[in-house]
Structures are given as structure tokens and as C-alpha cells.
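Notes to accompany the following structure.
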Amino acid sequence: MVNLFVAFQYRLRRFVPVCLGILVIGAGTLVYGQGSLGIDPSRKRRVPQPLLEEEPFKPVPGTVLPPIPKPIPEEREEEKLPLIRIYVREINVTGSTVFSPEEIAELVTPYENRELTNEDIEALRMDLTLLYVKNGYVNSGAVIPDQSVADGVIRFNIIEGKLTRIEVKGNRWFREGYIRKRLALGSGRSLNMNSLQKSLRLLEQDPRIERLNAELVPGLRAGEGFLKVGVKDTFPLSVGTVFNNYQASSIGSKRVTTTVSHQNLLGLGDTLGLSYGTSEGLKRGINGWYTIPITARDTTLTLQYRRDDSDVVQEPFNQLDIKTESDIYHLSLRHPLYRTAHNEFALSITGELLQNETYLRHDPFSFSAGEKRGKSNITALRFTQEWTNRTQNQVFAVRSRFSVGINAFGATDNRHDSSGNDVADGQFFSWLGQFQWARRFKYRNIQTLLRTDIQLANEQLLPLEQMSVGGRYSVRGYRENLMVRDNVIIASFETRIPIVRDKRWADYVDLVPFVDYGKAWFGRAWNSKPHTPDPKAIASVGIGVRWAVTLPKPIEIRPQFELFWGHQLNNVETSPDHDLQDDGIHFQFSMNLF
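Here the sequence shown stands for residues 6 to 599, where the numbers follow my numbering.
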């Protein structure tokens, strides 16, 4: 029996955790695009919105934590220990929960059933410690407890490091718990710097966090870590006004919309927003929403309500006193199944109740097949899958959505229509697929954007579920909502060529040549019945210009302007009531505060 305590006590009993220095993380401001929900007050309902924001290329965080520093050898001379040799039959390693017994055995087996010196035993201890450190467990390692070697058995003990405390300072709008819970996801049962780094990068991507500083220091006991986090969050109130001609000319194409939102109402990362829009025919366009994360993994609950009241003002139909009233109630739950700084895959389930009423000279009147005395109701369940891949110079975004109309909450039911015809009602099945790709090239920072939207239905749809083709976000150069049908295919390609960058009077000026195409038809996706009138497909080529500038004082104001002109490749007849859209012109001016 050999007592190892004397030989190893001064350098093998102690476990010194790895300590990191201060980590400074710069969080860029990100703007996430959000497609609008619901309907256009002209009764031509859904316009596919882009998946990507107007500025798709945002800074992607790199490695947040610095590399682990190499140990600095002590300058003092250590006392030379006598060389001890013992025969080791078996090595027991306890306390390891991270690695499997097979992984531990790969390191231990070469040291068993042979004679070892104290230097060999120290080398094995270092190998076990490095197994943890190289895999990100920087404050974990192996120690040799006080023991007497009996029957050739040596015992090693693994101390797996933990993050025992997270301290958050500097946060003004976020609650400490919001940040602490998200960082705790990266610590786990045993502290892994790779996982913690991932949590820091994800938190950095939140546009409401301007700057994030982190410092990891040793705790009071071996293997304990203490994380200090400094946060500078942004002012959460946002006010913006938009003026454009992106609305159907039947209710007045020129529209003004003002939006007020609070991006951190309760300090929980929740958003409350309200927008109000008006045009010549749109008497009242109200959209209110509230979104709140309900778990630390950002499972998000969204409530939304939209109300549109409009009158047809397009000649000669304005003499008929046609009015439309619509309401949309929206409830959705979204959960990201997989998320990193570069990739996200999320699922969401949505319930929507859509109601629409139309009037002719103050009396209910049906303008579309399937409506009953001017009324149509839809109760829809939607299941959405989303995947986004984002790098410094490229973004892919894919969305798939399945919609099912159910006979509940007063949904329109025409299954027993006396005419015997196949009439649209609230029971349907449809699929919407969207794909977008954006690429930034080194040459002059030119950007290209490709977008496709496809909706396919199993039968005729009520107007609330149909999609439109024509206008700014589908085929430029034509009137908004030129074709509103059950099945739609849209493709668009544009190139953004920088003309001016980073001037006092302009953050950017881009020249934007584009090509757009759209096709739409009625009935089942695989059947042309009922007959679809011309045009069935339209296309355009054109050019646009985009401009924006940021005025930081006394408060940050960001005016933006875009102008597109499209040349019609298919001539279509339009109303005698001329509109700027008939000349292929689409414009928008917006101003955001804060």
C-alpha cells in the first residue's frame, strides 16, 4: 500500500478553474420584417408580403467569447519531488456526467495494468481535464483526492463546473429575469462555454439590445462560475408614418398609415402596437396587436385584431354607394425548434376568424359567389413552418403554410346550396409557399433579391382567402389587386445597385432594375373550372430608386423613400378613372421616429 498524499498533495489536490476576461459584445440594430395579416378593404384580400426585411443583410455575431488562454507557468521553482513508481491495475473515474464511460475509458485504459510514476498520473489527470476544456467545459477538470492505493486501484474525481449566479446590470427597459433566463439556457447542468456563447449571440441579435458586456469570473468554490452581464437596451417606443399608393384604386390608392408601438411594454420582450390608416375611400383602417414570449426559448403568443371600413370611390362605381366592413381576429403560437446565430427553424399554429360584409345603397348585397346577403365568415386553422439561413452576405428564407377552413363560429356553409353548383364557402384547404433569397456581392456591394409565392387551393375560395396579383409586392407596373383569384404564382427578381453610400444627406441611394411575373386562376389548383377570364398571367420589367437617411439629433428620425416604374409586358384594360398606378408608378415615403 502506497500513500499518494505526500507525493501529490501540493499540486494534485487543488483544482484551479479557467477564468475568462471581459467580453464586449456589440449588438447591431436589426429590423425584422413583418407581413401584414388580414384583408384589403377593397375586398380583394391577401397580398403576399416579403419574408425578408427591406435591409436583409444585418451583422451576424461572430465568436463572442475569446479563446481560452494558455496556462502561464509559475516563475518560482517548485520543490523537486522524489519519483514514485507503483503498479496500477485499475483506474476509477467518478463524477463525470458529460462524457460516456466509453469516452473516459479511451483515456484511462492505456494507463491500466502497468507501472506508473507520479508524472504519469499527473499526465492522466491533465488528459482528463483537457477532455473537458477542449469541449468547452472550461471550469471543469479532474482532481486526485487524498487516498491510499490498495490493490492497485487509483481513484480520480471529476469536478464539473457550474454557473452559480448571473448578475445583470444597466438594463433600463428589460427585466433582469428576461435576460437571466435566456443566458441560463446556455449554462446547463455543467457550464459549457460553447453553449453560453450561443446564448449570448442569440441575445445580441435582439434589436432592442444596443450593447452587451459579459464577464465570467471564478466563484467561491472550485468549479463555480459567476457571470456578470452589462446591458444597454434601446428606447422601446416607436412612432412611424407611411404615405404610399400601395392600395387598390377602387378605395383610393393613396393611403396614410401611422403606427405607434412599444417594443418592451412589461419588460418581458413583449410588443404592443396600434396602427391607423386612411385614404379617400378607407374611412377607418385599424390594426392592433400584442406579442409576448411565454418561455425563455421564445415561444411567442400573438393576439391581433384588424378592422377596415371602406367605400368604393372609383368612377363610375362610386355612384352605387358600395361599402365594405371587415373584421379579423387572430391568435397564434410560434415556437423555434432550432435556432442559432445563422439558422432558425420554427413552427406556428394560428386560429383566425374573418368576417366581411358588403352593402349596396345601405342594403346588404353579395358581390361574390358564396356570400349570403353580403356576408361571409371564415374560421381558419393555419399551420406554418419557417426556415431562415442568414450569413454575412446571403439570406435564405422559406415558409410553408397549410390552411383549413372549419365549420365553426358561424363560418359560411354552402354545402347544401339549392342550385347544386360548387359554390365557395368557409370549408376549404389551401397551401401557401414562399421562398426568398438575397445575396450581396463584393463588387460594389450589389445586392440581388429573388422571391416566389405560390398559393394552391382544393376548391373555390371566398374573397377573404383569395390572393391578389398586381402592384408593389407582386407585379409592379399594374394596378394593385388587378387579379384576385384562388390560385396564384408570383415570381420577382431585382438587383439593388448602390449609387451613394454613407453621406450626410443619404445613408444609401440604390438603383433597382427588376423583373416581375404573376399568374392566377380560379377553382381547384389542378382544374381550370370555373373558367378564368383574361388576363391569366401578367409580367413587367422596370426600374426603381431607394433612398434613406438617418437624422440623429435632437431625436433619431429616419425618412425613407422608394419609387418604382414598371413597363407592362401584357396590355390590360383599366377603368376610365385614371390612377398613377396605370402609368406603372408605385411610390412610398415613410418616416420613423426613435
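The beta-carbon is built from N, C-alpha and C at its ideal position, and this holds for glycine as well. These figures come from a predicted structure and were not determined experimentally.
Looking only at DSSP bridge pairs, what is residue 322 linked to?
Secondary-structure assignment with DSSP links residue 322 through no beta bridge to anything.
Beta-ladder partner(s) of residue 390, from DSSP
Residue 390 pairs with 352 and 405.
Look up residue 427 in the DSSP assignment and say whether it is helix, strand or coil.
In the three-state reduction of the DSSP assignment, residue 427 falls in the coil class, being assigned neither a helical nor a strand state.
Of the choices 396, 369 and 384, whose alpha-carbon is the least far from that of residue 345?
Considering only 396, 369 and 384, the residue with the shortest C-alpha distance to residue 345 is 396.
Residue 182 by DSSP, collapsed to three states: which one?
Residue state, collapsed to three classes: helix.
Cβ contact check for the region 555 to 565 and the region 576 to 588: 3 or more pairs under 8 Å
When C-beta atoms of the region 555 to 565 are compared with those of the region 576 to 588, fewer than three pairs fall below 8 Å, so the two segments do not count as touching.
At which residues does the alpha helix (DSSP H) containing residue 111 begin and terminate?
Segment 106 to 113, the alpha helix (DSSP H) holding residue 111.
Rounding to the nearest angstrom, what Cα-Cα distance links residue 118 and residue 155 in this structure?
Rounded to whole angstroms, residue 118 and residue 155 show a C-alpha spacing of 14 Å.
Helix, strand or coil: which one does DSSP assign to residue 143?
In the structure shown, residue 143 sits in coil (DSSP, three-state: anything other than H, G, I, E or B).
Put residue 303 into one of helix, strand or coil per three-state DSSP.
Here residue 303 sits in coil by DSSP.
Which residues mark the beginning and the end of the alpha helix (DSSP H) in which residue 5 is found?
The chain is shown from 6 up to 599; residue 5 falls before or after that span and cannot be answered.
Cα-Cα separation, residue 479 to residue 401:
Residue 479 and residue 401 have their C-alpha atoms roughly 19 Å apart.
Alpha-carbon to alpha-carbon, residue 193 and residue 233:
Separation of residue 233 and residue 193 (C-alpha to C-alpha, rounded to the nearest whole angstrom) is 17 Å.
Taking the beta carbon of residue 497 as the centre, do at least 16 other beta carbons fall within 10 Å, making it buried, or is it exposed?
With 16 or more other Cβ atoms within 10 Å, it is buried.
State the beta-bridge partners of residue 501 as determined by DSSP.
DSSP output for residue 501 lists 452 as bridge partner(s).
Check this for me: beta carbons of residue 240 and residue 599, under 7 Å apart or not?
Yes, they are a contact pair.
Considering only DSSP beta bridges, list what residue 249 is partnered with.
In the DSSP assignment, the residues bridged to residue 249 are 260 and 593.
For residue 512, which residues from the same chain have a beta carbon less than 7 Å from its beta carbon, with the 5 sequence-adjacent residues on both sides left out?
Answer for residue 512: 553, 554 and 555, listed in chain order.
Would you kindly work out how many angstroms separate the C-alpha atoms of residue 146 and residue 501, rounded to a whole number?
Cα to Cα, the separation comes out at about 53 Å.
Using a threshold of 7 Å, state whether the C-beta atoms of residue 487 and residue 475 are closer than that.
The answer is yes: Cβ separation under 7 Å.
Residue 565 to residue 250, Cα distance in whole Å?
Computed Cα separation, rounded: 15 Å.
To the nearest angstrom, how far is the alpha carbon of residue 5 from that of residue 205?
As displayed, the chain neither begins before 6 nor continues past 599, which places residue 5 out of reach and without an answer.
Taking contact to mean at least 3 C-beta pairs separated by less than 8 Å, is the region 98 to 115 in contact with the region 162 to 170?
These segments touch.
When the distance is taken between beta carbons, is residue 245 closer than 7 Å to residue 597?
Yes, these two residues count as a Cβ contact at 7 Å.
Given residue 191 as reference, the closest of 207, 522 and 176 once Cα atoms are compared:
Closest by alpha carbon: 207.
When you compare each of 523, 337 and 530 to residue 457 by their alpha carbons, which one comes out closest?
It is 523 whose Cα lies nearest to the Cα of residue 457.
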